[in-house]
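In the numbering used here, the protein residues as written are 1 to 306.
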């Protein structure tokens, strides 16, 4: 046996030993990675998976008029919102609100984000901080501020009236118009951050090359800048859309009770009518709406990337 081992080249012995050591080190690293991931996975399980599973199970129960939850398995909580025209309208209004706020927020935030992404000033960090500074103020406070600004005797109507542009106050609150204005301002910092992080494909050299080949500034923007910035635009739109259709404070305050979306309806079902199963069913419908938009977003990003 010793003779055979002596006949084997030393390099092969060394390679085998290194392979064994690498496999042992790989197993040890996998254990370390798993140990590091375990707290996060447990936290995700407790804070997200279990509540989501409980909500889905709750949606198949039945709510009694006195607020008692009847443990059963029924589809009545889904049949009602899927067959009642009122809830179809609420779902449609929620979707339209999310799309409108998302589009307007992207249009308003795009020039700011593009300027900040291209800026080489030493104050660039300060400018970005100013752009996202509204996040330091609660959305509730900003919504109340918009109620004052857009009110019947608010800043907008008072200014327009003093300039003689209107004869009677504009109705900018207690409707979807006021809700949209408030949400666009509230979610602009999120859109700016999302677009700045998604503008990694922008390259000034490509724009300069297009300009040197005779392209006008408009063509450079439409043929080079805009296509390269589309991933950032889509990311910002998706983020704002998700935040918009799930928000509650702004539609409740600026809507004044006349704007009903899924978030406000879920609140009314849980706190007013104590119908938790029905509220859970509406939450599942809202979650499905999230999934549809995310699926469309993924398909669009694949087409753009391809």
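Where is the CB? At the ideal position from N, CA and C, for every residue including glycine.
Where the alpha helix (DSSP H) containing residue i begins and where it ends
i           : result
residue 264 : 262-267
residue 248 : Unbroken run through residue 248: none, as it is neither H nor E.
residue 82  : 76-83
residue 181 : 176-198
residue 124 : 124-132
residue 171 : Here residue 171 belongs to no alpha helix (DSSP H), and DSSP marks it neither H nor E.
Those residues which DSSP pairs with residue i across a bridge
i          : result
residue 62 : 70
Best match in the options for proximity to residue i [C-alpha to C-alpha]
i           : options            : result
residue 55  : 170, 65, 69        : 69
residue 266 : 303, 102, 142, 59  : 59
residue 57  : 277, 289, 143, 256 : 277
residue 226 : 162, 206, 242, 170 : 206
residue 235 : 251, 105, 82       : 105
residue 281 : 30, 80, 33, 90     : 80
residue 74  : 145, 63, 91, 295   : 63
Residue burial classification, residue i (beta-carbon count within 10 angstroms, cutoff 16)
i           : result
residue 61  : buried
residue 153 : exposed
residue 181 : buried
residue 157 : buried
residue 101 : buried
residue 174 : buried
residue 185 : buried
residue 192 : buried
residue 252 : buried
residue 198 : buried
Residue i and residue j closer than 8 Å at C-beta
i           : j           : result
residue 178 : residue 172 : yes
residue 187 : residue 244 : yes
residue 110 : residue 195 : yes
residue 238 : residue 297 : yes
residue 209 : residue 223 : no
residue 183 : residue 202 : no
residue 128 : residue 116 : yes
residue 221 : residue 99  : no
residue 254 : residue 167 : no
residue 309 : residue 261 : This structure leaves residue 309 out entirely; the chain is present only between 1 and 306.
heavy atom of the ligand HEM below 7 Å from residue i C-beta
i          : result
residue 53 : Looking for the ligand HEM in the displayed structure turns up nothing, as the structure carries no ligands at all.
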